[in-house]
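**Q** Numbering (the numbering used here), first residue to last: 85 to 222. We put the beta carbon where it would ideally sit given N, CA and C, even for glycine.
#1: By a C-beta neighbour count over all protein chains shown, 10 Å radius and 16 as the cutoff for buried, is residue 94 buried or exposed?
#2: Quick one: does the C-beta of residue 190 sit closer than 7 Å to a heavy atom of the ligand HEM?
#3: Should residue 178 go down as buried or exposed, given a rule of 16 or more other Cβ atoms within 10 Å for buried?
#4: Going by DSSP, name the residue or residues bridged to residue 147.
#5: Which residue from 146, 101, 192 and 181 puts its Cα closest to that of residue 214?
#6: Is residue 86 helix, strand or coil when you go by DSSP?
#7: Quick one: is residue 149 buried, meaning 16 or more other Cβ sit within 10 Å of its Cβ, or exposed?
#8: Is there contact here, the segment 153 to 166 with the segment 100 to 119, by at least three beta-carbon pairs under 8 Å?
#9: Alpha carbons only, please: which of 176, 102, 199 and 189 is nearest the one belonging to residue 218?
#10: Using 10 angstroms around the beta-carbon of residue 210, count the other beta-carbons present and answer buried if the total reaches 16, otherwise exposed.
#11: So, for residue 173: in the same chain, excluding its five sequence neighbours on each side, which residues have a beta-carbon less than 7 Å away from its beta-carbon?
#12: Under the DSSP definition of a beta bridge, which residues are partnered with residue 213?
#13: So for residue 162, helix, strand or coil by DSSP?
#14: Around the Cβ of residue 106, are there at least 16 other Cβ atoms within 10 angstroms (buried) or fewer (exposed)?
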């Protein structure tokens, strides 16, 4: 009472046994996952230290606007180039206490300009940097 699935006993079997092939592929997949290094694309940021001491001095605020065409405005005054902006950042970083830098990027501003401004501020030693006007991006 055996059951025949297609052919007689003398005919070759037509379907391939897939179980060993699947086993080998799963083992290879696991080996590739283990051996491939994890790709980490991280941007190193120096985050400010938290302190519970309230400040008695009202901080000086610098409003830095970045327009869609790459124009950088320092408290409403256009900055001619990035070297001048570096000088402004360097001068303000030497003040005690340091001023707060409020960055207002335009919705259509190039990421490259915003990233260069942030890198310049951090390179020159400014610690209190924040974005203002984020509601325009939601």
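**A** The answer reads as follows:
#1: On the chain shown, residue 94 is found 10 positions in, with the first residue counted as 1. Residue 94 comes out exposed.
#2: Among the components of this structure there are no ligands whatsoever, and the ligand HEM is therefore not found.
#3: On the chain shown, position 94 is the one that residue 178 refers to. It is exposed - the Cβ of residue 178 has fewer than 16 other Cβ atoms within 10 Å.
#4: Numbered from its first residue, the chain shown carries residue 147 at position 63. 186.
#5: For this step, residue 214 is matched to residue 130 along the chain shown. Taking only the C-alpha atoms, the option nearest residue 214 is 146.
#6: Against the chain shown, residue 86 aligns to sequence position 2. Only weak support exists for where residue 86 lies, its pLDDT of 48 falling under 50; the coordinates are left without a value.
#7: For the purposes of this step, residue 149 is identified with residue 65 of the chain shown, where counting begins at 1. Counting Cβ neighbours within 10 Å, residue 149 comes out buried, since at least 16 surround it.
#8: no
#9: What you label residue 218 is simply residue 134 of the chain shown in a count that begins at 1. When each option's Cα is compared against that of residue 218, the closest is 189.
#10: Here the question's residue 210 lines up with position 126 in the chain shown. Buried.
#11: Counted from its first residue, the chain shown places residue 173 at position 89. 204, 205, 208 and 210.
#12: Taking the first residue of the chain shown as 1, we reach residue 213 at position 129. Residue 213 pairs with 185.
#13: Along the chain shown, read from residue 1 onward, the residue named residue 162 stands at position 78. Three-state DSSP puts residue 162 in a strand.
#14: By one-based count along the chain shown, residue 106 stands at place 22. Per the 10 Å Cβ criterion, exposed.
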